[in-house]
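Under full-length UniProt numbering, the first residue of the sequence shown carries the number 1, and numbering increases by one thereafter.
Structure first, then comments.
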Amino acid sequence: MTGYGKSVLQLPTKKVTIELKSLNSKNLDLNARMPAIYREKELAIRKVLADQLIRGKVDFSIYVETTAEDTSTQINIPAVKQYMAQLKNIVDGNDVELLKMAVRFPDALNTVREEIDESEWKTIESHIENAINDLNSYRLNEGKVLEKDFNQRINTIDHILEKVITMDPERVEGVRERLLKGIEELKEKYDENRFEQELVYYIEKFDITEEKVRLKNHLNYFTETINSKDSNGKKLGFISQEIGREINTIGSKSNYAPMQQLVVQMKDELEKIKEQLLNVL
1 MTGYGKSVLQ LPTKKVTIEL KSLNSKNLDL NARMPAIYRE KELAIRKVLA
51 DQLIRGKVDF SIYVETTAED TSTQINIPAV KQYMAQLKNI VDGNDVELLK
101 MAVRFPDALN TVREEIDESE WKTIESHIEN AINDLNSYRL NEGKVLEKDF
151 NQRINTIDHI LEKVITMDPE RVEGVRERLL KGIEELKEKY DENRFEQELV
201 YYIEKFDITE EKVRLKNHLN YFTETINSKD SNGKKLGFIS QEIGREINTI
251 GSKSNYAPMQ QLVVQMKDEL EKIKEQLLNV L
């Protein structure tokens, strides 16, 4: 499910910005970017994100902007002087030109590795929680829109199913009339009792009573599941597959054009549901 969260923290010597972006994905695919000083905390951050976000292609970033005259990089003065002295023996040039060359050599600059201030990190952790809450609020709002759409489409399928149920006796009678007309066009004598037996067998073969009942149950189960508090995206996906199976069976058994048109309408609504289910946790 898509979402975005951000939290900005102003510390005495730097500004820390925490960003979270989430796109749709069946599993959790987490990409974390942060300064080297915070790398030792990466596993802990990943665990927190995995526990709270569950799914999604997630980009987590920490950006640090220094706001005070403070740097962890210093010039290695003895090394630079040694380089300049050696360069004087090789090339002619003033001290400024020699200095430009010397600072490019290895060890001309020393970078002192910063250590994490634990009290500072506690503050950063709280802002990571803020960004997660921000992203989850974004997801929740999107989920409410999807819930409304799902309920509308499930209700539409249910209404179409009621039309199918109402139409079924007409369909059976239509099948009976077509068979009888076909027999009469052959202009052959036939055993009426035997014809009735065959007709009953034929109609039973294309009976959709069980499919109608199961489809109704699946629609109700979908609605119950979407109203539960648990994370149920995968479960809804399974139920939608069962709904599709019953709709397809009704279509293959109907053998009646008006009913098949209703089946197409149900399939159209179900496909839209399946597309949106990819966005649900």
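Beta carbons: idealized from backbone N, C-alpha and C, even for Gly.
From a predicted model like this one, the values you see are computed outputs, not experimental measurements.
Item	Value
Using 8 angstroms as the threshold, is the region 212–221 in touch with the region 123–137, meaning 3 or more CB pairs across them?	no
Please report the distance separating the alpha-carbon of Q152 from that of G5.	30 angstroms
Assign Y201 to one of two classes, buried (16 or more other C-beta atoms within 10 Å of its C-beta) or exposed (fewer than that).	exposed
E4 by DSSP, collapsed to three states: which one?	Note that residue 4 corresponds to Tyr in the displayed sequence, not to Glu. Three-state result, Y4: strand.
How many Å lie between E251 and L277 at the Cα?	The question names Glu, but residue 251 in the sequence shown is Gly. Whole-angstrom Cα-Cα distance: 24 angstroms.
What are the start and end residues of the beta strand (DSSP E) that includes residue 345?	The displayed coordinates of the chain run from 1 to 281. Any statement about residue 345 would go beyond what the structure contains.
Using the three-state DSSP reduction, which class does K21 fall into: helix, strand or coil?	strand
Go ahead and label L49 buried or exposed: buried means 16 or more other beta carbons lie within 10 angstroms of its beta carbon, across all protein chains shown.	buried
If A108 sits next to Y138, beta carbons under 8 angstroms apart, how far is it from one beta carbon to the other, in whole angstroms?	The Cβ separation is near 47 angstroms, so there is no contact.
Are the CB atoms of I243 and L262 within a distance shorter than 7 angstroms?	no
Quick one: Cα of N227 to Cα of L236, how far?	11 angstroms
With a Cβ-Cβ cutoff of 7 angstroms, do K267 and I247 count as a contact?	yes
Rounding to the nearest angstrom, what Cα-Cα distance links N89 and I75 in this structure?	23 angstroms
Would you tell me roughly how many angstroms separate the C-alpha atoms of E125 and E19, rounded to the nearest one?	13 angstroms
Look up N130 in the DSSP assignment and say whether it is helix, strand or coil.	helix
In angstroms, rounded to a whole number, what distance separates the CA positions of Q10 and Q52?	25 angstroms
Have a look at the DSSP bridge pairing and note the partners of Q152.	Looking at the DSSP assignment, Q152 forms no beta bridge with any residue, so it has no partner.
In terms of alpha-carbon separation, which member of R171, D207, L161 and P169 lies closest to Q265?	L161
Where does Y63 land, buried or exposed, given buried means 16+ other C-beta within 10 angstroms?	exposed
Let me know the secondary structure DSSP gives I104 once reduced to three states.	A small correction: the amino acid at residue 104 is Arg; Ile does not occupy that position in the sequence shown. If DSSP states are grouped into helix, strand and coil, R104 belongs with coil.
Looking at the secondary structure, which residues open and close the alpha helix (DSSP H) in which D92 lies?	No alpha helix (DSSP H) contains D92, which DSSP labels as neither H nor E.
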